[in-house]
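Counting in my numbering, the sequence shown runs from 6 upward without gaps. C-beta atoms are modelled at their ideal positions from N, C-alpha and C, and glycine is treated no differently.
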Amino acid sequence: MNIMPQNERRAELMDRIDTNLSNYHDTLMGFGKWKIIEMASKAAAMSDAHSYMNYRGFEESELDFLLQFQNPLEIMAEGWRDYNQDIDNEMGFAFDDIMRNKQDWLESHPLMSDAASNGLRRFMDVDLYDFLGKIAKKVIIHYPNDWNIDKDVLFKAPMSGEPEDRHLMWHVCSTGTHIKVERDVYIKDSGPYGYMTDYHQNDPDMFGYYIEVLRRDDKTVYGNVFEVGNYAEHAAYIRQTALPLEYVSLTYTGEWGENAGKTIMVGRNSYDNDRSRLMSKSGNVTHIKWHPAREDILASLLSKEHTKRMQYPIGSVESHLQKISDMLADVRKPPEQAVQKPKPKLDDKLRGAGKKTKAQEAKNNDTSRKKREER
């Protein structure tokens, strides 16, 4: 039985559907305009469902049901579309139909129980330069200038015309850092995929985070940060989850070459087999973008990842920094030095030698005596 007051549980549901709608809007922004037109009916249903759920007074059993889902807004929107009713004909009928078929929905949609945090935390609206900079300072031994490059990427992200540039993955270890667009990490054999899955067992001091850049001012950049946990396990998860690379788009400057001023699309095989000509003989490449066979499947994958991370408990920055220090102290612990016996002093050596000589003489005398007796 849930003992949380009903008003607090309703507030939790409203917060979750707000996040669901925001994530869905971010997903739409990753599509081209024609794809967005194709998805207009679902977009309208998501908006209608959000409006309806905000003003409906839910009963306790209804809250129990909806709060089991990672994306309760999508449940309402799909139920509304399946019911095929006009908004003027009362969306409540569609919700009643959902409640009559609860088990079907529970078996076919991601549940909160599937999004267990495993001790992972999220850090919301933090100063990225300060938080990530402190982590970098603790972890990096070689190539500390990597962090300055990352700061530049973070600073440019809010001004990018591509919403995906605000969603990044960052990892840091003793030999520096890498920061890449999250979307690209989940495309197999892309450059970012290679960087972020290049984990070896001799890298136990590698830490990873997802970053959502929110805004910047003249001094710093603000955003949300999410732990990835055990990096070896996370790298394996990306390898298992990422979609196959289908083709690559290359954008050239207008300076020189047969592709000057163009953006061209090449299949994965053509890119692999003709990379030298494409990258160095056809013009100056300024931007590379990797593509799976279906962008909508990639968008759905990323949306689920974002929703899952938003369920993590909010963590303490100071506690996390201390955890980093403790983990580093453990994995970088120097090997135990062999216990060396103290060197004997010269007098001790002489005394020891004298004892050995006397013992040997006594042994020799005993041997001689025995031989005499035997004769």
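Asked, Found
"Quick check on DSSP: helix, strand or coil for W85?", "helix"
"Which of helix, strand or coil does DSSP assign to V253?", "strand"
"Taking the continuous alpha helix (DSSP H) assigned at N59, which residues delimit it?", "A45 to Y60"
"Check each candidate in F231, P10, L72 and E65 and name the one with the smallest Cα separation from N123.", "F231"
"Between which two residues does the alpha helix (DSSP H) harbouring H239 extend?", "Y236 to T246"
"With a 10 Å radius around its C-beta and 16 neighbouring C-beta atoms as the bar for buried, classify Q245 as buried or exposed.", "exposed"
"Contact defined as beta carbons within less than 8 Å: I believe L71 pairs with L18. What is the distance between those atoms, to the nearest angstrom?", "6 Å"
"Given this structure, state the Cα-to-Cα distance separating L283 from G196, to the nearest angstrom.", "16 Å"
"Buried or exposed for F100, going by 16 or more other Cβ atoms inside 10 Å?", "buried"
"On a Cα-Cα basis, can you pick out the residue from V271, H325 and A298 that is closest to R127?", "H325"
"Assuming the contact rule is C-beta atoms closer than 8 Å, A247 and Y198 should be a hit. Round their C-beta distance to whole Å, please.", "6 Å"
"Would you call Y214 buried or exposed, if buried means 16 or more other Cβ atoms sit within 10 Å of its Cβ?", "buried"
"Which of the three DSSP states, helix, strand or coil, is assigned to D132?", "strand"
"Q345: buried (16+ other C-beta within 10 angstroms of its C-beta) or exposed?", "Unreliable placement is indicated for Q345, whose pLDDT of 49 sits below 50; no coordinate value is reported for it."
"Look at G262 and N289 and say whether their C-beta atoms are less than 8 Å apart.", "yes"
"Measuring alpha carbon to alpha carbon, tell me which of Q11, P115, F212 and D87 ends up nearest R25.", "Residue 25 is actually Asn in this sequence, not Arg. Comparing Cα positions, the closest option is P115."
"Consult DSSP for R15 and reduce its assignment to one of helix, strand or coil.", "helix"
"Take D53 as the anchor and find which of N150, G97 and F160 has the nearest alpha-carbon.", "G97"
"According to the Cβ coordinates, are V144 and S179 closer than 8 Å?", "yes"
"Are G272 and Y257 close, meaning C-beta to C-beta below 8 Å?", "no"
"Using CA atoms only, rank isn't needed, just tell me which of M201, V226 and R220 is closest to A237.", "M201"
"Over the uninterrupted beta strand (DSSP E) stretch that includes T291, give me the two end residues.", "V290 to P297"
"Pull up the distance between the alpha-carbon of E65 and that of N76, whole angstroms please.", "18 Å"
"If you count every other CB in all the chains shown that lies within 10 Å of the CB of D155, and 16 or more means buried, which is it?", "buried"
"From P10 to A16, what distance separates their C-alpha atoms?", "10 Å"
"Hey, would you say I140 sits closer than 8 Å to I269, going by beta carbons?", "no"
"Return the chain-ordered list of same chain residues with a C-beta closer than 7 Å to the C-beta of N28, the five sequence neighbours on each side being excluded.", "S308, H311 and T312"
"Between W85 and D132, what straight-line distance do the alpha-carbon atoms span, to the nearest angstrom?", "40 Å"
"Smallest Cα separation from H172: which of M211, Y227 and Y148?", "Y227"
"Need the endpoints of the beta strand (DSSP E) that V233 sits in, please.", "No beta strand (DSSP E) holds V233; DSSP gives it neither H nor E."
"According to the neighbour-count rule (16 or more other Cβ atoms, all chains shown, within 10 Å of its Cβ), is P339 buried or exposed?", "exposed"
"When you compare each of I146, E187 and D23 to H296 by their alpha carbons, which one comes out closest?", "E187"
"What's the gap between the Cα of Y276 and the Cα of K185?", "21 Å"
"Quick one: using the 10 Å Cβ neighbour count with 16 as the cut-off for buried, is K286 buried or exposed?", "exposed"
"Applying the 10 Å Cβ sphere with the 16-neighbour rule, what's the burial state of K193?", "buried"
"Contact check, L68 vs R14 under 8 Å by CB: the rounded distance?", "5 Å"
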